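In the UniProt record's numbering, the protein residues as written are 1 to 441.
Working notes, structure below.
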Ligand SMILES: Cc1cc2nc3c(=O)[nH]c(=O)nc-3n(C[C@H](O)[C@H](O)[C@H](O)COP(=O)(O)OP(=O)(O)OC[C@H]3O[C@@H](n4cnc5c(N)ncnc54)[C@H](O)[C@@H]3O)c2cc1C
């Protein structure tokens, strides 16, 4: 069948984490014969951009299933020596208030791992044929019919295929082409991120924790961790009173920040945080946006989304990288299932078969990410608390820290099991329908 099948042309908009992972998953897991995968990326070159990114156990397991073993090494990513994802400390006293834990992660390679985003990106890149990635291709729009899909680029060129996957990030043009009314909202937080050589800190900060640490303040927080390849990261996440419109005009994603501003923000925090800001050499700013959950990820019979384009959760719980990997895997499983249903000797890339695959993918991933988006919007829409005294505010902070919701459902999610459940539910519904029809007869 494979040799005689026509090509199945897949267009992927965006060659970030989700785009590359999807290319790998489709070529290794989907079993769709004669796949022709092309990626279109706006960037002129694939530099090591971004700052730190975390992958939780679900993401690490999926990387392994994808065969991206080079990303699992201790060299590439950092896993805390205590075997815990992160320690949560008080902003002023530096006391450990609580810690995140792994619940069922027997293999230490699957423990939460922190990378420079560029290193994770490069590890994925090694598994994607370089000639399939087209740079300087900024998507301006997309259209789809039952017969095919087309991507249009700002340079006036276009590409045509059988399946379009929008992996073009939180501000996805692919999504915008099919849901033009979709809007993102500024969450009120800006992240000032930096990554630098860990040797900069060597011997300079007394009692600098060896594990990843999240210091919580009443409004703002601060994160610091080692990363793979001898790197270190600091991240200040603070409230910014500007509206979405003001912010969009004044701060762009990945814009250079002013490190003096970071130092000023955290100058009254405990001595370790203060010292970390003083040694942080620069910052880049990442205003945090989020959007409502989409009502479907099947944008047309042959169009879907993966990664931040599909779920605009704004980096909450540092889940974006892992979710993107799981999206890619679920999409490959769904295509494998739909294409395996074709009659032997035939190749069914018709719109109803492709749609069936996309619906399976949607049912596997959308409810899961929808649960996350509900939490995110609950937090954004929460009215700020007013306290009668600093003591009262401090007690409320400690209570918030100790009563953090359990997010194991997110960090240890099993995407294969979720996909199987969707299939079983469908089978169950079909059996019920057949049973009902039989009993009518
Ligand atoms: C420059 C950059 C830096 C980042 N830094 C961090 C970080 O420090 N920490 C963190 O947790 N997360 C970071 N992220 C986000 C993180 O990578 C994602 O949340 C997560 O990995 C999901 O990946 P994604 O592929 O869906 O989105 P992204 O990683 O955002 O990738 C989207 C890709 O699509 C491309 N693209 C966007 N629009 C178009 C278009 N119109 N046409 C063609 N290509 C397009 C982008 O250039 C990018 O390569 C960063 C993203 C980017 C793009």
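Virtual Cβ for every residue (Gly too), placed ideally from N, Cα, C.
Small disclaimer: the values here were computed from a predicted structure and weren't measured.
To the nearest whole angstrom, what separates the beta carbons of residue i and residue j, a pair I think is in contact under 8 Å?
i, j, result
"residue 240", "residue 247", "7 Å"
"residue 309", "residue 166", "5 Å"
"residue 133", "residue 39", "5 Å"
"residue 302", "residue 164", "6 Å"
"residue 324", "residue 54", "Rounded, the Cβ-Cβ distance is 12 Å, inconsistent with contact."
"residue 299", "residue 178", "4 Å"
"residue 195", "residue 232", "7 Å"
"residue 407", "residue 317", "6 Å"
"residue 76", "residue 115", "7 Å"
"residue 216", "residue 410", "At roughly 19 Å, the Cβ-Cβ gap does not stay under 8 Å, so residue 216 and residue 410 are not in contact."
"residue 193", "residue 51", "4 Å"
"residue 288", "residue 321", "Not really, about 16 Å apart at Cβ, beyond 8 Å."
"residue 259", "residue 282", "6 Å"
"residue 373", "residue 311", "6 Å"
Which stretch, first to last residue, makes up the beta strand (DSSP E) that contains residue i?
i, result
"residue 37", "35-40"
"residue 287", "284-290"
"residue 140", "139-144"
"residue 158", "158-161"
"residue 226", "221-226"
"residue 150", "149-153"
"residue 215", "213-216"
"residue 98", "96-99"
Please name the residue or residues paired with residue i in a DSSP beta bridge.
i, result
"residue 238", "190"
"residue 52", "116"
"residue 9", "36"
"residue 273", "None, per the DSSP bridge assignment."
"residue 134", "40"
"residue 428", "Its beta-bridge partners do not exist; DSSP assigns none."
"residue 256", "284"
"residue 165", "12 and 304"
"residue 387", "BP columns for residue 387 are empty, so no partner."
"residue 232", "196 and 226"
"residue 185", "290"
For the alpha helix (DSSP H) that residue i lies in, which residues bound it at each end?
i, result
"residue 173", "173-178"
"residue 262", "259-265"
"residue 23", "17-29"
"residue 399", "390-402"
"residue 247", "244-250"
"residue 408", "408-411"
Give every residue of the same chain whose Cβ lies closer than 8 Å to the Cβ of residue i, excluding the five residues on either side of it in the sequence, and list them in chain order.
i, result
"residue 47", "118"
"residue 424", "none"
"residue 296", "362 and 366"
"residue 67", "24, 28 and 127"
"residue 197", "230, 231 and 232"
"residue 451", "For residue 451 there is no data in the structure shown, the boundaries of the chain being 1 and 441."
"residue 185", "244, 289, 290, 291 and 380"
"residue 404", "88 and 98"
"residue 158", "150, 151 and 152"
Tell me which residues share the same chain as residue i and place their Cβ nearer than 6 Å to its Cβ, disregarding the 5 neighbours each side in the sequence.
i, result
"residue 154", "138 and 140"
"residue 225", "114, 212 and 233"
"residue 30", "332, 335 and 336"
"residue 330", "361, 364, 365, 415 and 419"
"residue 339", "32"
"residue 144", "300, 302 and 303"
"residue 261", "none"
"residue 136", "44"
"residue 413", "58"
"residue 180", "none"
"residue 173", "139"
"residue 377", "none"
Please work out which residues of its chain come closer than 7 Å, Cβ to Cβ, to residue i, disregarding the five sequence neighbours upstream and downstream, and give them in chain order.
i, result
"residue 393", "218 and 387"
"residue 93", "270"
"residue 125", "20 and 46"
"residue 208", "201 and 272"
"residue 221", "214, 215 and 237"
"residue 176", "182"
"residue 255", "284 and 285"
Indicate whether at least one CB of chain D lies closer than 8 Å to the CB of residue i.
i, result
"residue 237", "Among the chains of the structure shown, chain D does not appear; only one protein chain is present."
Exercise for review: Scan the region 66-92 and note each continuous beta strand (DSSP E) run of 3 residues or more that stays entirely inside, going in chain order.
Suggested key: Listed in chain order, they are 87-90.
**Study point:** Secondary structure, beta strand (DSSP E): runs of 3+ residues fully inside the region 297-385
**Key:** 303-305
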